[in-house]
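K.L.:
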Amino acid sequence: MTSKQVLEGPIRPSHRHYSNNGFGSTDECAEKAAKISLTDPQGQPDGYCWPEGPAKDCRTHDSAAADGFIYNNKKYDTFGEKISSDEVCVTGICRPGELLAIMGASGAGKTTLLNVLTHRNSARLRVTGDLYANGKPVDPDTLTSRSAYVQQDDLFIGTLTVREQLVFQAMLRMDRHIPYDRRMTRVDEVIVELGLVKSADTKIGIPGRIKGISGGEMKRLAFACEVLTNPSLMFCDEPTSGLDSFMAQNVVAVMKNMAERGKTIISTIHQPSSEVYAMFDRVLLMAEGRVAFLGEVDACYQFFKKCGIPCPPNYNPADFFISTLAVQPGKEDNCRRAIHTICDEFAKSDDGKNLEKSVVENSREIERSYGFESTEDIAISKSPYKASWISQFRMLLWRSWLEVVREPMLIKVRFFQVVAISLLIGVIYLNQQLTQEGVTNINGALFLFLTNMTFQNVFGVVNTFCAQLPIFLREHFNGMYRTDVYFISKMLAELPFYIMYPFVFVAIAYYLVGFTNDVNNFFICAGIVVLVANSSISFGYMISCVARNISVALAIATPFIIPFMLFGGFFLNSGSVPGYLKWFKYLSWFSYGNEALLINQWTGVESITCGVNETTCFPNGQAVLQFYHYDNSSITFNVVCLAALIVGYRSCCFYCIIIKNIQKT
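Mapping of the sequence shown onto full-length UniProt numbering: position 185 corresponds to residue 185, and the numbering continues sequentially without gaps.
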């Protein structure tokens, strides 16, 4: 079965072949084929540019994506699943200046079609076909840079204002040769264009923590982020999902307004109201992975009337079409027969034949114009990132810092937590003396330092970093910044707080408990606790990246932490660890931290009071260290090992993020 699909104007989507791959619905397709060609509104294969500035020759202005795109025999195999051999052909046309709605019942294949068109979420799909822009081969990166995709879920950093979010996007998504003033002017233009003037300086908000903008404003902000680069092609995945009818109508009005400016907008939409449905210019009805109708909104009534299924008066046409093309439980066979009959009728109708004819003619026109004799002359080049490494780092560090300092309540809560626990430990272990009981109590207090730093920081990181990863994955997929830039900037922005909290903790508890009364020992103890805190933070980062979501991360964190505690030297003497398990303590920050703290505490202690009736007695600090099998000369070694754990865990986190990126693409 051949596959071709053409978009009139700047974008013409062609045949899409896909089939059920055993995942439960046609939205989970196993095989697709596509061929997409672009021509300008006058039908000329050359010279059509994305609508920004005066007309010009696209070939000399790096307008590759504007010139066209084609899939060329790309394949994505599903992992461990048998791929269905059934193929379904989908042909579609969307003209510039028109708003196309892709509609259908759940499982009809509309989201899959959008994913194939945009090269997204295709990890379990096998896709074949070619991709062209006005006859020129292009790659997914070029398509991503030259088009916009408004996804269903709005993901933002809630501590930023609307303007700051747009400034961040403008600095990273607009071409690097564009001056700063022009970027800021464009931000102001988009704020006015999308009706965000009143909320421009309002924080986006975090549910339950920071009051922010409304759902409709958030959806308009999602559009604003995408139109900053003034793309001619926009894909929208159910932009009205979760909005009431009034907000949904406002969002579609924004899409309609952009389409009237000459943009090509393709949007999936679920159960629109009659008012929203009437705002679309054309509609693509999908059922069971096939096209049931594609054409003008008004022509859809006539088509179903010819099929003997007229839409009742005063009935929402969108609801009628979707319910007609739905597979009802208990009537699956009859519904599928009716659906295939409707799809076949459209293929045989004048509209269907004209569509097929347009596909063939445009494909032949491109072949005559370019001949496909060489791809070198029409190769499209593009930098993977619009901003330089330094610009990416500066903007990400700025955003990460604002993300931390813009939540004063969270900072206050964490500071209160540190002060409260340190005071609690200080009061419970108040003024310990150098006696045999004091040795046990001092060692217990030091290990509590490690335990508190571990649980407080691991679960704190898991709760925040897991929520931020989806934002990173989306922005990285959009080509905004590199993985290493994100990782380094985030670590640096949070580092001052991850030094301050442990230091304050030690500063309060150290002299209350009655540890060695020496300034050098105090700062060494504080430094060790800071290293332990950052080791546990690094472990939290790693767990967050390994886990699929926050629930899994929280579930697997504790089973890893407990063995690290057991091999820390307090509950199980280092000399009693079985040989085949000794390797485990080398991964434990408890082990290095506890040894370093005890060496710092007991080195130089010449005398410890022994009671008359005490059978075991530590005469001095050296005896305490010998009991735990610690060498008082190895404190530097333990500090170096803690630093190595920080680097090691964060390196694992970095590579886990890279793997997530690969899986997403």
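All C-beta atoms in this analysis are idealised placements derived from N, C-alpha and C, irrespective of residue type, glycine included.
#1: Just mark residue 252 as buried or exposed, buried being the case when its beta carbon has 16 or more other beta carbons within 10 Å.
#2: Output the boundary residues of the beta strand (DSSP E) element that contains residue 104.
#3: Does the beta-carbon distance from residue 503 to residue 526 come in below 9 Å?
#4: So, at 7 Å on beta carbons, what are the nonlocal neighbours of residue 25 in its own chain, with the 5 sequence-adjacent residues on each side left out?
#5: Can you look up residue 300 in the DSSP assignment and give me helix, strand or coil?
#6: What are the residues that DSSP puts in a beta bridge with residue 708?
#7: Could you tell me whether the stretch 344-355 touches the stretch 290-310, where touching means 3 or more Cβ pairs closer than 8 Å?
#8: What did DSSP end up calling residue 572 once you bin it into helix, strand or coil?
#9: Quick check on the burial criterion: 16 or more other C-beta atoms within 10 angstroms. Buried or exposed for residue 562?
#10: Excluding the 5 residues flanking residue 161 on each side, which residues of the same chain have their C-beta closer than 8 Å to its C-beta?
#11: How would you label residue 481, buried or exposed, when you count the other beta carbons within 10 angstroms and need 16 or more for buried?
#12: Where does residue 291 fall in DSSP's three states?
#13: Leaving out the 5 sequence neighbours to the left and right, which residues in its chain are closer than 6 Å to residue 565 when beta-carbon positions are compared?
#14: Please name the residue in 194, 144, 146, 97 whose C-alpha comes closest to that of residue 166.
#15: For residue 629, which residues from the same chain have a beta carbon less than 6 Å from its beta carbon, with the 5 sequence-adjacent residues on both sides left out?
#16: Going by other Cβ atoms of all chains shown within 10 Å of its Cβ, with 16 needed for buried, is residue 68 buried or exposed?
#17: Leaving aside the five residues before and after residue 148 along the sequence, list all residues of the same chain whose C-beta is less than 8 Å from its C-beta, in chain order.
#18: Is residue 189 buried or exposed, if buried means 16 or more other CB atoms sit within 10 Å of its CB?
#19: Spell out a yes or no on whether the stretch 414-428 and the stretch 586-606 are touching, meaning 3 or more CB-CB pairs, one atom from each, closer than 8 Å.
#20: Just curious, the beta strand (DSSP E) that residue 147 is in, first and last residue?
#21: Residue 276 to residue 238, Cα distance in whole Å?
#22: Just to confirm the assignment, what range does the alpha helix (DSSP H) spanning residue 477 have?
#23: Drop a sphere of 10 angstroms on the beta-carbon of residue 618, count the other beta-carbons inside from all chains shown, and report buried for 16 or more, exposed for fewer.
#24: Could you give the C-beta distance for residue 544 and residue 466, rounded to a whole number, given that I count them as a contact under 8 Å?
#25: Where does the unbroken alpha helix (DSSP H) through residue 559 begin, and where does it stop?
#26: Buried or exposed: residue 144, going by 16 or more other Cβ atoms within 10 Å of its Cβ?
#27: Tell me the residue span of the alpha helix (DSSP H) that contains residue 279.
#28: With contact counted as at least three CB pairs below 8 Å, one residue from each stretch, are the stretch 483-495 and the stretch 576-587 in contact?
#29: Going by other Cβ atoms of all chains shown within 10 Å of its Cβ, with 16 needed for buried, is residue 610 buried or exposed?
#30: Considering only residues of the same chain and omitting the five flanking positions on each side of residue 377, which have a CB-CB separation below 6 Å?
#31: Please determine, among 286, 219, 247, 472, the residue with the shortest C-alpha to C-alpha distance to residue 273.
#32: Helix, strand or coil for residue 161? Go by DSSP, reduced to three states.
#33: In terms of residues, what are the limits of the alpha helix (DSSP H) holding residue 592?
#34: Report the CB separation of residue 621 from residue 605 in whole angstroms; it is logged as a contact under 8 Å.
#35: Helix, strand or coil, according to DSSP, for residue 203 in the structure here?
#36: In three-state terms, what does DSSP make of residue 210?
P.N.:
In this structure, then:
#1: Looking up residue 252 in the sequence shown gives position 252. It is buried - the Cβ of residue 252 has at least 16 other Cβ atoms within 10 Å.
#2: Walking along the sequence shown from the start, residue 104 turns up at place 104. For residue 104, the enclosing beta strand (DSSP E) covers residues 99-104.
#3: For this step, residue 503 is matched to residue 503 along the sequence shown. For this step, residue 526 is matched to residue 526 along the sequence shown. Contact flag set, yes.
#4: Counted from its first residue, the sequence shown places residue 25 at position 25. With a pLDDT of 36 at residue 25, under the threshold of 50, the predicted position of this residue should be treated as unreliable, though the coordinate-derived value follows. 107, listed in sequence order.
#5: Sequence index remark: in the sequence shown, residue 300 carries index 300 (1-based). When secondary structure is reduced to three states using DSSP, residue 300 falls in the helix class.
#6: Coverage of the chain is limited to positions 1 through 665, which leaves residue 708 absent and any answer about it impossible.
#7: Yes, the stretch 344-355 touches the stretch 290-310.
#8: Here the question's residue 572 lines up with position 572 in the sequence shown. For residue 572, the three-state secondary structure derived from DSSP is coil.
#9: Residue numbering aside, residue 562 sits at position 562 when the sequence shown is read from its first letter. Looking at its Cβ environment, which holds fewer than 16 other Cβ atoms inside 10 Å, residue 562 is exposed.
#10: By 1-based counting over the sequence shown, the position of residue 161 is 161. Residues 200, 201, 202, 203, 204 of the same chain have their beta carbon placed closer than 8 Å to that of residue 161, with the five preceding and five following residues left out of the count.
#11: Taking the sequence shown and counting its residues from 1, one reaches residue 481 at position 481. Residue environment analysis places residue 481 among the buried positions, since at least 16 neighbouring C-beta atoms fall within 10 angstroms of its C-beta.
#12: Taking the first residue of the sequence shown as position 1, residue 291 is located at position 291. DSSP places residue 291 in strand when its eight states are reduced to three.
#13: Locating residue 565 in the sequence shown gives position 565, counting from the first residue. Shown here for residue 565: same chain residues with a beta carbon closer than 6 Å to its own, the five before and five after excluded, namely 590 in chain order.
#14: Looking up residue 166 in the sequence shown gives position 166. Cα-wise, what sits closest to residue 166 is 194.
#15: Counted from its first residue, the sequence shown places residue 629 at position 629. Once the five neighbours on either side are set aside, the close Cβ partners of residue 629 are 574, 575.
#16: On the sequence shown, residue 68 is found 68 positions in, with the first residue counted as 1. At residue 68, the pLDDT of 30 sits below 50, so the modelled position is not reliable; the number obtained from the coordinates is stated separately. So residue 68 counts as buried.
#17: Taking the first residue of the sequence shown as 1, we reach residue 148 at position 148. Here the set comprises 226, 227, 229, 231, 233, 234, 235.
#18: Walking along the sequence shown from the start, residue 189 turns up at place 189. Classification of residue 189: exposed, given that the 10 Å Cβ count is below 16.
#19: They do not touch, by the three-pair rule.
#20: Here the question's residue 147 lines up with position 147 in the sequence shown. 147-150 is the extent of the beta strand (DSSP E) around residue 147.
#21: As a working note, residue 276 is residue 276 in the sequence shown. As a working note, residue 238 is residue 238 in the sequence shown. Their backbone Cα atoms lie some 13 Å apart in a straight line.
#22: The sequence position of residue 477 within the sequence shown is 477, counting from 1. For residue 477, the enclosing alpha helix (DSSP H) covers residues 436-477.
#23: Walking along the sequence shown from the start, residue 618 turns up at place 618. By the Cβ neighbour-count rule, residue 618 is buried, with 16 or more other Cβ atoms within 10 Å of its own.
#24: For this step, residue 544 is matched to residue 544 along the sequence shown. For this step, residue 466 is matched to residue 466 along the sequence shown. Yes, they are in contact, since the Cβ atoms of residue 544 and residue 466 sit about 5 Å apart, within 8 Å.
#25: Translated into positions along the sequence shown, residue 559 becomes position 559. Looking at the DSSP string, the run of the alpha helix (DSSP H) that includes residue 559 is 550-566.
#26: Within the sequence shown, residue 144 is the residue found at index 144, counting from 1. Residue 144 should be labelled buried.
#27: The residue you call residue 279 lines up with position 279 of the sequence shown. Unbroken run through residue 279: none, as it is neither H nor E.
#28: No: fewer than three Cβ pairs fall under 8 Å.
#29: Numbered from 1 along the sequence shown, position 610 holds the residue referred to as residue 610. Classification for residue 610: exposed.
#30: Within the sequence shown, the letter at position 377 stands for residue 377. Residue placement at residue 377 cannot be trusted, given a pLDDT of 38 that sits under 50; the coordinates are not used to answer.
#31: On the sequence shown, position 273 is the one that residue 273 refers to. The option with the nearest alpha carbon to residue 273 is 247.
#32: Along the sequence shown, one-based indexing puts residue 161 at 161. In this structure, residue 161 counts as strand in the three-state DSSP scheme.
#33: Counting from 1 along the sequence shown, the entry for residue 592 is found at position 592. Element bounds for residue 592: 589-602.
#34: As a position in the sequence shown, residue 621 is number 621, starting the count at 1. As a position in the sequence shown, residue 605 is number 605, starting the count at 1. Their Cβ separation, rounded to whole angstroms, is 3 Å, which keeps residue 621 and residue 605 in contact under 8 Å.
#35: For the purposes of this step, residue 203 is taken as residue 203 along the sequence shown, with counting starting at 1. In this structure, residue 203 counts as strand in the three-state DSSP scheme.
#36: Locating residue 210 in the sequence shown gives position 210, counting from the first residue. The answer is strand: DSSP assigns residue 210 an E or B state.
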